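Please read the structure below before turning to the comments.
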Amino acid sequence: MTKQDPSHPYKRVAVALGDRSYEIKIGAGLLQEAETHMAPFITDRHVIIISDSVVGPLYQEALAASLLPIARKVDCLTVPAGEASKSLSQFADLMNDILALQVDRKAVLVALGGGVIGDLVGYAAASLLRGVDFIQIPTSLLAQVDSSVGGKTGINAAAGKNLIGAFYQPKLVLADMDVLASLSPREMRAGYAEIVKYGLLGDASFFEWLEQHGARVLAGDLDALSHAVMTSCEAKAAIVSQDETEAGKRALLNLGHTFAHAFEAEARYDGRLLHGEAVGAGLALAFDFSTFLGETTSQDAARVKSHLKAMGLPYSLATLPAGRASEETIIHHMMKDKKTKDGSLTFILVKEIGAAYVASDIPADAVDRFLKDQA
């Protein structure tokens, strides 16, 4: 799946979805060469680059200038940074701002930013004029290894995270390793949690590699970082190619997320708790819950928590930076999760490291007993 062209210092991962197939390009310096990579998709078209108030000042102007010679027109829009921008009100404002630019169906939206921008702009692309092309340029580690790949787009509602959205694939993903140098250590750790997820759900050897080299990934070592991003993208691309709309196997990508989304909802997306931090704790709890149900061993659970702790990530309810919610509150948020069916909770559980599976019809009282056991 991964190709290395000796004339280009980047790697390619194919997301095979028939006429919706596209490539993820991974390497250093891709943003500086964006016009070359994006030319097949933007030549003589109206390009709208959408970023946030943090990333925009760093990269938006230079990207626009590089695309202007080949695009018919280039416009830039900026939204406030933070999870709060994945809201109905911000979505409405963005759509009105785009429409004010007098776009047509040949317009191309470019998501330049982290997971929030990717989700918001992807949903805007799916909705604008009933669907226009878009390109992902993820600037956070979390977005590069997870949210920019696979076509899940959407916004949050008062009832919960990502409850409004669409499956809508980009035309191209450019994952530039150089832009990660601008991230804080906390943001790098948050992205690393999603990398760990891929080892835990289906690749025990990758998790073992992370145990040995995770510190190098977080330190920004280019070889380790690009390997981790490539392996994560390959894992997600393989799953998405088999199950684009989460009818089956793709649900495995939610390992740890039923817990994580509940923690995020309780923190009200106010910045106290990053998505990757919630996922870190969620991964640990998924293993603990699997142990509680007799599905896996306490040794595997301890190994996972040890690695998360060593990498500076939350690994229990007590280590969540936003504080601990009550069992009743956590379950209340879980019941609003989009994976809940007919009032029953769905979890991704594990038999061992690298062997996850979907468990439906988990009774709420079992979750309640487990959470009380964590006190």
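If you're matching positions, the sequence shown starts at 560 in my numbering and goes up one per residue. All residues carry an ideal CB built from backbone N, CA and C; glycine is no exception. Computed from a predicted model, the values in this text were never measured in an experiment.
Residue from the options with nearest C-alpha to residue i
i: Gly750; options: Val732, Ala702, His772; result: Ala702
i: Asp634; options: Glu642, Ser625, Ala640, Leu844; result: Ser625
i: Asp663; options: Ala796, Ser646, Asp603, Gly913; result: Asp603
i: His891; options: Asp927, Ser764, Gly882, Glu836; result: Asp927
i: Ala881; options: Ala797, Glu836, Leu660, Val669; result: Glu836
i: Phe726; options: Ala860, Ile714, Ala593, Asp737; result: Ile714
i: Asp924; options: Met893, Gly641, Glu911; result: Met893
i: Ala763; options: Pro568, Ala915, Leu590, Leu653; result: Ala915
i: Ser865; options: Glu767, Ser610, Gly586, Phe929; result: Glu767
i: Tyr828; options: Ala884, Leu660, Gly641; result: Gly641
i: Ser885; options: Pro873, Glu911, Ala861, Phe929; result: Phe929
i: Val574; options: Thr595, Ser791, Leu688, Glu592; result: Ser791
Residue i versus residue j: straight-line alpha-carbon distance, rounded
i: Leu576; j: Leu759; result: 25 Å
i: Asp920; j: Lys895; result: 15 Å
i: Asp578; j: Arg831; result: 41 Å
i: Lys665; j: Gly815; result: 39 Å
i: Thr804; j: Ala685; result: 15 Å
i: Ser707; j: Gly724; result: 14 Å
i: Val691; j: Glu887; result: 42 Å
i: Ser785; j: Leu617; result: 22 Å
i: Ile629; j: Val909; result: 49 Å
i: Ala587; j: Tyr569; result: 7 Å
i: Asp705; j: Thr698; result: 12 Å
i: Leu627; j: Phe851; result: 57 Å
i: Gly709; j: Leu812; result: 11 Å
Residues sharing a beta bridge with residue i, DSSP
i: Asp896; result: BP columns for Asp896 are empty, so no partner.
i: Ile907; result: Val917
i: Arg579; result: Answer by DSSP bridge pairing: none, since Arg579 is not bridged.
i: Leu701; result: Answer by DSSP bridge pairing: none, since Leu701 is not bridged.
i: Val675; result: According to DSSP, Val675 bridges with nothing at all.
i: Ala749; result: According to DSSP, Ala749 bridges with nothing at all.
i: Gln695; result: Ala670, Val732
Cβ distance (whole Å) where residue i is taken to contact residue j below 8 Å
i: Val788; j: Leu769; result: Wrong, their Cβ atoms sit about 12 Å apart, outside the cutoff.
i: Leu660; j: Ala683; result: The Cβ separation is near 12 Å, so there is no contact.
i: Ile907; j: Ala794; result: Their Cβ separation, rounded to whole angstroms, is 14 Å, which puts Ile907 and Ala794 out of contact at 8 Å.
Along the chain, which unbroken stretches of the beta strand (DSSP E) at least 3 residues long are found entirely within the region 757 to 843?
Considered as a whole, the region 757 to 843 harbours no complete run of any beta strand (DSSP E) with no fewer than 3 residues.
Would you list, in sequence order, the uninterrupted alpha helix (DSSP H) runs of no fewer than 4 residues that lie entirely inside the region 610 to 636?
Counting whole runs of 4 or more residues, the region 610 to 636 contains the alpha helix (DSSP H) stretches 615 to 626.
Alpha helix (DSSP H) runs wholly inside the region 843 to 871, at least 4 long, in chain order:
Here the runs fully enclosed are 857 to 869.
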